[in-house]
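Notes follow once the structure below has been shown.
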Ligand SMILES: *Cc1c(COP(=O)(O)O)cnc(C)c1O
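Below is the structure:
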């Protein structure tokens, strides 16, 4: 079976046009290619078209691809749940972590960030729908965690990330707006925060309208993923 070329150009054009309509600069939205379950060859094909930012959910899989694609000047984002025994490898090999949701993990990432690397960019994952089953800190707890994380020496707190529920009837507009409001409040005391990581294949146009600065696309770029065991 031959794979059609990934629809990267079309998505880029769509991002530009949504930004135009929303009065935003198209450069203010970073397209993160969520490449879990994809092969290093698929990532390389996208990198050949100028895609630089890749997001991985599973540590070993991510490390294998980082090693396979070394020398290509790519930016690697860890976006999956973090077990504390995995922080050392994340801190050593990734440029960004979107899924920090407790201080213990943030402390370990800071302690384990190699001295020769720039501070690790991190976002705090927010459970923006207050769903019992979801990871992420509750809206009420974000400010305290953000202050503690911002004080860690080898991390650079950049902003907030959320994975809203899949079944909302407004394409998650209300949830995106809550996250954007929360960032805007934090910026009163932490003006350097500049990142809203929100929006996936099913809802990224709305996320951009609501201020997303990073959209995380898997299916839209690579097609449907095989089910994981
Ligand atoms: C898988 C995943 C995505 C991408 O999801 P799609 O619906 O395939 O675009 C984005 N963010 C996170 C955290 C993910 O785990």
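Numbering (full-length UniProt numbering), first residue to last: 1 to 229.
Just so you know, even glycine gets a beta-carbon here, dropped at the ideal spot from N, CA and C.
It should be emphasised that the depicted structure is a prediction, and the values quoted were computed from it without experimental measurement.
Exercise. Drop a sphere of 10 angstroms on the beta-carbon of residue 39, count the other beta-carbons inside from all chains shown, and report buried for 16 or more, exposed for fewer.
Key: Under this definition residue 39 is an exposed residue.
Exercise. Would you mind working out which of 80, 149 and 48 sits nearest residue 135, comparing C-alpha positions?
Key: With respect to the C-alpha of residue 135, the residue from 80, 149 and 48 having the closest C-alpha is 80.
Quiz prompt | For residue 227, the nearest candidate out of 22, 110, 37 and 21 (CA to CA) | solution = Nearest C-alpha to residue 227: 37.
Exercise. Inspect the beta-carbon positions of residue 99 and residue 60 and report whether they are closer than 8 angstroms.
Key: A distance of 8 angstroms or more separates the beta carbons of residue 99 and residue 60.
Quiz item: What does a CB cutoff of less than 6 angstroms around residue 112 pick up in its chain, not counting 5 residues either side in sequence?
Solution: Around residue 112, the same chain offers 87, 88 and 91 as residues with beta carbons nearer than 6 angstroms, after the five sequence neighbours per side are excluded.
Practice problem: Throw me the rounded Cβ distance for the residue 214 and residue 195 pair, which I believe falls under 8 angstroms. | Solution: Contact between residue 214 and residue 195 is confirmed by a C-beta separation of about 6 angstroms, below the 8 angstroms threshold.
Quiz item: For the candidate residues 186, 222 and 57, whose alpha-carbon lies nearest to that of residue 94?
Solution: For residue 94, the nearest C-alpha among the options comes from 57.
Practice problem: Please go through the same chain and pick out, in chain order, the residues whose beta-carbon is closer than 6 angstroms to the beta-carbon of residue 178, but skip the five residues on each side of it. | Solution: Excluding sequence neighbours, residue 178 sits near 128.
Quiz item: What did DSSP end up calling residue 196 once you bin it into helix, strand or coil?
Solution: DSSP places residue 196 in strand when its eight states are reduced to three.
Exercise. State the DSSP-derived secondary structure class of residue 125, mapped to helix, strand or coil.
Key: The answer is strand: DSSP assigns residue 125 an E or B state.
Exercise. Measure the C-alpha to C-alpha separation of residue 71 and residue 48 and round it to an integer number of angstroms.
Key: Straight-line spacing of the CA atoms in residue 71 and residue 48 works out to 13 angstroms.
Quiz item: So, is residue 219 buried or exposed, given that buried needs 16 or more other C-beta atoms within 10 angstroms?
Solution: With fewer than 16 Cβ atoms within 10 Å of its Cβ, residue 219 is classed as exposed.
Self-check item: Straight-line gap, residue 15 to residue 183 (C-alpha atoms, nearest Å)
Solution: The straight-line gap from Cα to Cα measures roughly 22 angstroms.
Practice problem: Return the CA-CA distance between residue 1 and residue 120, expressed in angstroms with no decimal places. | Solution: At residue 1, the pLDDT of 48 sits below 50, so the modelled position is not reliable and the matter cannot be decided from this model.
Self-check item: C-alpha distance - residue 84 paired with residue 144, whole-angstrom precision
Solution: Cα to Cα, the separation comes out at about 20 angstroms.
Self-check item: residue 181, enclosing alpha helix (DSSP H) - first and last residue
Solution: Counting along the chain, the alpha helix (DSSP H) containing residue 181 begins and ends at 173-189.
Quiz item: Quick one, are the C-beta atoms of residue 33 and residue 46 less than 8 angstroms apart?
Solution: Yes. Within cutoff.
Quiz item: Is it the case that the Cβ atoms of residue 176 and residue 131 are separated by a distance below 8 angstroms?
Solution: With contacts defined as CB atoms closer than 8 angstroms, residue 176 and residue 131 fail to qualify as a contacting pair.
Quiz item: Within 10 angstroms of its Cβ, does residue 51 collect 16 or more other Cβ (buried), or is it exposed?
Solution: Buried, since its Cβ has 16 or more Cβ neighbours within 10 Å.
Quiz prompt | Terminal residues of the alpha helix (DSSP H) in which residue 105 lies | solution = Segment 103-112, the alpha helix (DSSP H) holding residue 105.
Exercise. Look up residue 156 in the DSSP assignment and give the residues it is bridged to.
Key: Under the DSSP definition of a beta bridge, residue 156 partners with 121.
Quiz item: Should residue 225 be labelled buried (16 or more other beta-carbon atoms within 10 Å of its own) or exposed?
Solution: It counts as exposed.
Quiz item: Is it true that the CB of residue 146 sits closer than 8 angstroms to the CB of residue 157?
Solution: Yes.
Self-check item: Through-space distance from residue 53 to residue 7, alpha-carbon basis
Solution: If you draw a straight line from the Cα of residue 7 to the Cα of residue 53, it is about 16 angstroms long.
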